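What follows is a short report on a single structure.
Number of protein chains: 2
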Amino acid sequence: MPEINTWQIIKNNVLRRLSERQWLPGDTLPSEMEFAREFGCARATVNKALNELASTGILERKRKSGTRVTINPVRKATMSIPVTRQEIQARGCTYSHVLIENTLKRLPAHMTSRFNVPGGVKALHHKALHLSDHEAFLYEDRWINTIVMPDIQEVDFTTISANEWLVGHAPYSRGELSILSAAASADEALHLGIDEGRPILIVERTTWSDTQPITFVRLAYRPGYRLNSTL
Amino acid sequence: MPEINTWQIIKNNVLRRLSERQWLPGDTLPSEMEFAREFGCARATVNKALNELASTGILERKRKSGTRVTINPVRKATMSIPVTRQEIQARGCTYSHVLIENTLKRLPAHMTSRFNVPGGVKALHHKALHLSDHEAFLYEDRWINTIVMPDIQEVDFTTISANEWLVGHAPYSRGELSILSAAASADEALHLGIDEGRPILIVERTTWSDTQPITFVRLAYRPGYRLNSTL
DNA sequence: CTCGTTATTATGTCTAGACATATACTATAT
DNA sequence: ATATAGTATATGTCTAGACATAATAACGAG
Chain A
-13 MPEINTWQII KNNVLRRLSE RQWLPGDTLP SEMEFAREFG CARATVNKAL NELASTGILE
47 RKRKSGTRVT INPVRKATMS IPVTRQEIQA RGCTYSHVLI ENTLKRLPAH MTSRFNVPGG
107 VKALHHKALH LSDHEAFLYE DRWINTIVMP DIQEVDFTTI SANEWLVGHA PYSRGELSIL
167 SAAASADEAL HLGIDEGRPI LIVERTTWSD TQPITFVRLA YRPGYRLNST L
Chain B
-13 MPEINTWQII KNNVLRRLSE RQWLPGDTLP SEMEFAREFG CARATVNKAL NELASTGILE
47 RKRKSGTRVT INPVRKATMS IPVTRQEIQA RGCTYSHVLI ENTLKRLPAH MTSRFNVPGG
107 VKALHHKALH LSDHEAFLYE DRWINTIVMP DIQEVDFTTI SANEWLVGHA PYSRGELSIL
167 SAAASADEAL HLGIDEGRPI LIVERTTWSD TQPITFVRLA YRPGYRLNST L
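Below you can see the structure in the form of structure tokens.
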């Protein structure tokens, strides 16, 4: 454990004392001033160390009440959702993708509510298959709001994937993520080359630019895929 | 957007300018000193604002090179994995759980490697069903390393769930999380009250105390369950 | 005993400096 | 041309203060 900075020394020290059960869930830790005296540093340095720990969910901090050990720590797993190409290449496999559909059509009912647009509005329906070492890896079924992203109709998605184009050209946005398990639909099974009904992992994501939804995508991973993370 | 603090004003200002595509992915932002002059504040305040944005993955910061807009932002979704009881109660449902098994037995082969212990070692095999409004919600199949947690053999798991006991009594630890889709096994289907083979969401988690594995748990959620998160 | 007021206190934010350090750039010597 | 040493620079860390603010605790009046 390389301890170079004062705030990291303090952070690691507190972590060690927590693992040694010196402070139990619910207990109040010493105040910033007490820590500052103990470590012979400024209060701001203690503040940084404790805030760092609070951001991971181990500690809870409140004005006047002080710093306490979280009783029911909500385990915050930071899942990184990489661009698929990078994920595949990081495993040392070759990445390729095939454009399956890219047409402007009327939004189906379940999408108009999701995009919060009136019925009858058209949007870009985009389907693509991502391959790892030339084997089906991920099937992508996406709707793109062309009202917000009009330029996208000119893009050649045979050379760049929609995901990567959007990451580079859509302004930074917030999003909603949903992970579920489903039986492969006929469409998904066909493209992934598996039997219909097989359990596959689905990730659904809606991204927004300010108040406007940009895109909704349903990612169907091939059987055996795992989303991993450390906490 | 309530902007009370200087660093939040700066953060929101930068976010807005990013969404207006004033700086594109790969571009270098002004230095901290320039921002400090622009906002009439100390450099430390700018530092906090920009570090805040860097922690979300939007910006990348490096000494001397400066601050630049991330080209391929790894979407960091912070999934909160709450204690099941809280998750159910947060939905306004009543929580209950049933202890199905709690016996000391020899570790199967696939677990000895996971726990990194010699073969023949015994561990606590713990199975429980968590119910939401008296309906099966989550089936838990857990192994607990009794070498590390000897006290656990005395606990009455009919009154408190293993998860909650461990959260309160195991020292803070790191863990590995894996999310996958699987066909319900006979055991899982029986307890969840569903047909064998139905696609269900599985969360597997191993938690460690320092170098010692404490527990491995496989959580089988009822069909229709979604893990949600914002990014 | 209850309600409202006041003091206290721990954290939140901020400043104006300082030195440290990684790293890109430049100049010099080989 | 290439390796090496030096310089400049932007961020990282830190200090010793200051005032702000939320929330608890103590107090006092009715």
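Chains A and B, in that order, are what the protein sequence lines are. Each residue of the first sequence is one higher than the last, beginning at -13 in the working numbering. Each residue of the second sequence is one higher than the last, beginning at -13 in the working numbering. Backbone N, C-alpha and C fix where the C-beta goes; we use that ideal spot for every residue, glycine too. As the structure is a computational prediction, the values presented were derived from the model and not from experiment.
Query	Result
Length of the line joining the Cα atoms of L36 of chain B and K34 of chain A	15 Å
Beta carbon proximity, V69 of chain A to chain B, threshold 7 Å	yes
Option nearest W9 of chain B by Cα separation, candidates A:T89, A:G154, A:K108 and A:T144	A:G154
Inter-residue spacing [alpha-carbon to alpha-carbon] between P157 of chain B and L4 of chain A	7 Å
Cross-chain neighbours of Y125 of chain A in chain B, by beta carbon under 8 Å	In chain order: nothing, as chain B lies at least about 14 Å away.
Contacts around S167 of chain B, its chain only, beta-carbon distance under 8 Å, and the 5 residues preceding and following it disregarded	P185, I186, L187 and I188
Where the beta strand (DSSP E) through I57 of chain B begins and ends	Per DSSP, I57 of chain B belongs to no beta strand (DSSP E) and is neither H nor E.
Complete runs of the beta strand (DSSP E) confined to the segment 50 to 102 of chain B [at least 3 residues]	52 to 55, 61 to 67 and 81 to 92
CB contact below 7 Å: E73 of chain A versus chain B	no
Any chain B beta carbon closer than 7 Å to G179 of chain A	no
Contact list for K62 of chain A against chain B, beta-carbon separation under 7 Å	T64 and S66
Interface flag, S82 of chain B vs chain A, CB-CB below 7 Å	no
Proximity test, Cβ basis, 7 Å: N33 of chain A and chain B	no
Integer-rounded CB distance, given that G161 of chain A should sit under 8 Å from T132 of chain A	The Cβ separation is near 19 Å, so there is no contact.
Interfacial residues, the segment 159 to 175 of chain A to chain B, with Cβ spacing under 9 Å	S159, R160, G161, E162, L163, S164, I165, L166, S167, A168, A169 and A170
Near-chain B residues of the segment 190 to 217 of chain A - C-beta to any C-beta below 9 Å	E190, R191, T193, S195, D196, Y207, P209, G210, Y211, R212, L213, N214, S215, T216 and L217
For T(-8) of chain A and F288 of chain A, believed in contact at Cβ under 8 Å, the rounded distance	Absent from the model: residue 288 of chain A. The displayed extent of chain A is -13 to 217, so no value can be given.
Inter-residue CB distance, R100 of chain A and F202 of chain A (contact presumed, cutoff 8 Å)	6 Å
Beta-carbon gap between E87 of chain B and K113 of chain B smaller than 7 Å	yes
DSSP bridge partner residues for H111 of chain A (one or two, in chain order)	A:T89 and A:W129
Check whether R204 of chain B and F123 of chain B have beta carbons under 7 Å apart	no
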